[in-house]
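**Student:** Supplied in structure tokens, the structure appears directly below.
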Amino acid sequence: MEIWFYHLERTPLDKVLPGLLEKTLANQWRALISSPDPARLSWLDQWLWSYADDSFLPHSLSTLPRAEQQPILLTTDSKNENDSQVAFLLDGADPSDFAGFERAIVMFDDADTNAVQNARKFWKTAKAKAQTICYWKQNQAGKWENLA
């Protein structure tokens, strides 16, 4: 499993996540978005329906009927109910719980000290296990660069 770290310094999650989900679907992959915070997932559910007039990201909360049929599943769990290849991990979700995925993407806000500390811990653990890891950070122009 690859673990990618997205360090959100310049652009907030609500602006970054939809683009990454669009790329995921364009690659014919399914996605799981995991957070231990049900309120965050509820907010994301609403946001993903309305973030852009010219885009559509089919998704569902895992608590709804037939949610596993959706290409994007929002859940508090690590269970891969919709056969996703990619897990987007928010709010301190631990990538070691998502070993069955091809890629785990840890997204963390630079303004959140706990999130940065968790990401550092996850990075050290993945490095010690010799896992494939990437670190993505925005440059001054706002373009994402892989620094690892």
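Here my numbering is used: the first residue of the sequence shown is 3, the next is one more, and so on. All C-beta atoms in this analysis are idealised placements derived from N, C-alpha and C, irrespective of residue type, glycine included. Here the structure is a predicted model, which is why all the values come from computation and not from measurement.
Using a threshold of 9 Å, state whether the C-beta atoms of L76 and S86 are closer than that.
**Tutor:** no
**Student:** For the putative contact between N2 and L34, defined by C-beta atoms under 8 Å, what is the C-beta separation to the nearest angstrom?
**Tutor:** Because residue 2 is not part of the residues shown, which for the chain are 3 to 150, the question remains open.
**Student:** Who are the Cβ neighbours of W45 in its own chain at under 6 Å, not counting the five residues just before and after it?
**Tutor:** Once the five neighbours on either side are set aside, W45 has no close Cβ partner at all.
**Student:** Take C136 as the anchor and find which of W125, Q142, K145, P60 has the nearest alpha-carbon.
**Tutor:** W125
**Student:** Can you have a look at T26 and say buried or exposed, based on whether 16 or more other CB atoms are within 10 angstroms of its CB?
**Tutor:** buried
**Student:** Quick one: residues in its chain with C-beta nearer than 8 Å to the C-beta of F110, no 5 flanking neighbours on either side, listed in chain order?
**Tutor:** F7, Y8, H9, L10, A117, V118, N120, A121
**Student:** Taking the alpha helix (DSSP H) that H122 belongs to, which residues open and close that run?
**Tutor:** In the sequence as displayed, the identity of residue 122 is Arg instead of His. Start and end: 115-130.
**Student:** Per the DSSP calculation, Q87 is bridged to which residue(s)?
**Tutor:** Partner(s): none; Q87 has no beta bridge.
**Student:** Is it true that the CB of L66 sits closer than 9 Å to the CB of L59?
**Tutor:** no
**Student:** Exposed or buried, which one is D79 when buried takes at least 16 other CB atoms within 10 Å?
**Tutor:** Under this definition D79 is an exposed residue.
**Student:** Anyone know if the C-beta pair for A89 and A95 falls short of 9 Å?
**Tutor:** yes
**Student:** Do I5 and A132 come within 9 Å of each other at the CB atom, strictly closer than that value?
**Tutor:** no
**Student:** Classify T26 as helix, strand or coil using the three-state DSSP reduction.
**Tutor:** helix
**Student:** Would you mind reading off the limits of the alpha helix (DSSP H) that contains Q48?
**Tutor:** 40-52
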